[in-house]
Amino acid sequence: MEVFGPQTITFEQRERIFYYSAPENIEQSLPVVFCFHGAGSSARHHMKITKFQKLAEEHQIMTVFPDAIHFDPSDRMTKQWNEGREKNAAFQHEVNDVGFVLELIDWLKLRYPVDESRIYATGFSNGSAFSLRLGLECQDVFAGVGGVSGPMVKDLAENCQWKKPMPMLFIMGTNDKLVPYDGHYDSTYMIDQLLSADETVEFFSKSWGADVTKHQERVIEDEEFFIRKDAYLQGEEEKVVFYSIEGGGHTWPGGPISQASSLTGKVATKLDATKIIFDHLIKF
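Using my numbering, read the sequence shown as starting at 4 and increasing by one per residue.
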């Protein structure tokens with residue numbers, strides 16, 4: 004497995020940066036997993052937290068880690084993906100991040116045997132909400148989406164029409180201090196204009212029509228967290244899945260414990276978000 008980058012392309016007069024990994028020995032057309040960092044973070048940091056790139060060789064896939072545009076160097080939180088919120092810096096600067104991702108897919112297709120039927124979007128926080136936007140607005144491009152701690156933007160959901168079923172896996176902690184789990188925003192939270200975690204998952208489940216059934220169970224014995232799994236099934240196959248971590252914070256489950264702080268909250272170390280998201284999406 005090799006990690007390439009930083010690579011750059013120019014899109015709409017802006018230089019865009021990204022990293023990607025690919026198998027050294029390519030034996031078949033390659034599924035592609037996009038991995039979007041959170042606000043104020045970076046592609047390189049997201050690689051360290053999630054380690055999606057390590058899946059490339061074992062599973063014969065490509066992973067792509069783009070960087071969002073940073074508008075104000077004095078304020079790291081102005082480095083954001085345009086996930087559709089009016090208060091978002093990228094939204095206010097009219098950044099076409101969706102177009103950038105589509106351009107990046109074309110760039111990859113010119114250089115690698117991309118399996119166009121198996122392109123996925125994943126992300127954390129702002130990157131999660133952006134991944135969900137891609138699954139909604141680019142249904143003909145993405146085969147599935149996954150996210151952690153970044154629910155769907157309300158305005159996008161209210162103006163959506165599903166054209167096809169969209170596989171999805173979502174994870175969120177109930178004690179997230181930055182993004183409201185229940186969708187009820189007040190001055191203690193940094194982010195608003197989002198659906199709740201449950202509403203986000205139900206929204207994606209509706210893409211599968213009326214013949215889905217919901218199954219709920221407790222998963223993973225953990226002394227510190229109660230982890231609930233909601234699965235929306237068609238027949239016996241899970242299509243949309245939600246892991247709710249009671250007491251979990253604004254962190255990547257299974258990632259380094261160093262994520263935990265008084266601001267972000269606790270890390271559920273026994274739940275491997277990277278593996279769970281990948282194992283679910285790669286089936287589609």
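Every residue, glycine too, gets a C-beta built ideally from N, C-alpha and C. Predicted model only: the values in this text are computed from it and were never measured.
Inset, instruction - Scan the stretch 61-117 and note each continuous alpha helix (DSSP H) run of 4 residues or more that stays entirely inside, going in chain order. - result: The alpha helix (DSSP H) runs of length 4 or more contained entirely in the stretch 61-117 are, from start to end of the chain, 92-95, 100-114.
Legend entry - Burial state of His283, where buried means 16 or more other Cβ atoms lie within 10 Å: By the neighbour-count criterion, in which a residue is buried when 16 or more other Cβ atoms sit within 10 angstroms of its Cβ, His283 is buried.
Legend entry - Beta-carbon spacing of Phe287, Pro154 below 7 angstroms: Cβ distance not < 7 angstroms, so Phe287 and Pro154 don't count as in contact.
Inset, instruction - Taking 7 angstroms as the cut-off, decide whether the C-beta atoms of Asn85 and Asp100 are in contact. - result: The Cβ-Cβ distance between Asn85 and Asp100 falls below 7 angstroms.
Legend entry - Counted within 10 angstroms of its Cβ, other Cβ atoms place Glu70 as buried (16 or more) or exposed: Position check: residue 70 holds Asp in this sequence, whereas Glu was assumed. Taking every protein chain shown into account, the CB of Asp70 has 16 or more other CB atoms within 10 angstroms, so this residue is buried.
Inset, instruction - Report the partner residues of Tyr235 according to the DSSP bridge assignment. - result: Bridge partners of Tyr235: Lys217, Val243.
Inset, instruction - Tell whether a beta-carbon distance below 7 angstroms holds between Val270 and Phe245. - result: Cβ distance not < 7 angstroms, so Val270 and Phe245 don't count as in contact.
Inset, instruction - Determine the closest residue to Gly176 out of Gly268, Phe55, Val35, with distance taken between C-alpha atoms. - result: Nearest of Gly268, Phe55, Val35 to Gly176, Cα basis: Gly268.
Inset, instruction - Using three-state DSSP, classify Val156 as helix, strand or coil. - result: Val156: strand per DSSP, three-state reduction.
Inset, instruction - Would you mind working out which of Ser32, Trp211, Glu249 sits nearest Tyr184, comparing C-alpha positions? - result: Of Ser32, Trp211, Glu249, the residue nearest in Cα terms is Glu249.
Inset, instruction - Per DSSP, which residues does Ala59 bridge with? Please list them. - result: DSSP, once it has assigned bridges, lists no residue as partnering Ala59.
Legend entry - CB-CB length for Leu33 against Phe281, believed under 8 angstroms: Between the beta-carbon of Leu33 and that of Phe281 there is about 14 angstroms, and that puts the pair past the 8 angstroms contact cut.
Inset, instruction - Return yes when the Cβ of Ser152 is within less than 7 angstroms of the Cβ of His40, no when it is not. - result: No; because the gap between Cβ atoms is not below 7 angstroms, this pair is not in contact.
Inset, instruction - Compute the Euclidean distance between the alpha carbons of Phe74 and His96, then round it to the nearest angstrom. - result: If you take the alpha carbons of Phe74 and His96, they lie about 9 angstroms apart.
Inset, instruction - Would you decide whether Pro76 is buried or exposed? Buried here means 16 or more other CB atoms lie within 10 Å of its CB. - result: Exposed, since its Cβ has fewer than 16 Cβ neighbours within 10 Å.
Legend entry - Within the stretch 140-187, ranges of the beta strand (DSSP E) (whole runs, at least 3 residues): Listed in chain order, the complete beta strand (DSSP E) runs (minimum 3 residues) inside the stretch 140-187 are 147-151, 171-176.
Inset, instruction - May I ask which residues mark the beginning and end of the alpha helix (DSSP H) holding Ala42? - result: The continuous stretches of alpha helix (DSSP H) do not include Ala42, and DSSP gives it neither H nor E.
Inset, instruction - Name the two residues that bound the continuous alpha helix (DSSP H) containing Thr203. - result: From DSSP, the alpha helix (DSSP H) with Thr203 extends over 200-208.
Legend entry - Sufficient close CB pairs (3 or more, under 8 angstroms) joining the stretch 103-119 to the stretch 17-25: Result yes; three or more Cβ-Cβ pairs closer than 8 angstroms.
Inset, instruction - Answer yes or no: do Val243 and Ser208 have a C-beta to C-beta separation smaller than 7 angstroms? - result: Result yes, Cβ atoms of Val243 and Ser208 sit closer than 7 angstroms.
Inset, instruction - State the Cα-Cα distance for the pair Arg121 and Lys217, rounded to the nearest angstrom. - result: About 26 angstroms.
Legend entry - Proximity winner among Glu5, Ile72, Gly87, Glu15, relative to Thr66 (alpha-carbon distances): Out of Glu5, Ile72, Gly87, Glu15, Glu5 has the C-alpha closest to the C-alpha of Thr66.
Inset, instruction - Kindly confirm or deny that the stretch 217-236 and the stretch 118-132 touch, where touching means at least three C-beta pairs closer than 8 angstroms. - result: The answer is no - the stretch 118-132 does not touch the stretch 217-236, with fewer than three Cβ pairs under 8 angstroms.
Legend entry - Integer-rounded CB distance, given that Ser210 should sit under 8 angstroms from Trp165: Yes, they are in contact, since the Cβ atoms of Trp165 and Ser210 sit about 4 angstroms apart, within 8 angstroms.
Inset, instruction - Could you check which residue in Ser45, Ala160, Gly126, Gly150 has the C-alpha nearest to that of Pro9? - result: The option with the nearest alpha carbon to Pro9 is Ser45.
Inset, instruction - Please name the residue, chosen from Thr53, Ser264, Gly251, Gly257, that lies closest to Asp275 on a Cα-to-Cα basis. - result: Measuring from the Cα of Asp275, the nearest candidate turns out to be Gly257.
Inset, instruction - Pull up the CB-CB distance for Ile72 and Ala93, whole angstroms please, since I reckon it's below 8 angstroms. - result: Confirmed, about 6 angstroms.
Legend entry - DSSP state of Thr254 mapped onto helix, strand, coil: Three-state DSSP puts Thr254 in coil, outside helix and strand.
Inset, instruction - Determine the direct distance from the alpha carbon of Ile194 to that of Arg79, and round the result to whole angstroms. - result: Rounded to whole angstroms, Arg79 to Ile194 spans 15 angstroms at the Cα level.
Inset, instruction - Per DSSP, which residues does Thr13 bridge with? Please list them. - result: Thr13 pairs with Glu18.
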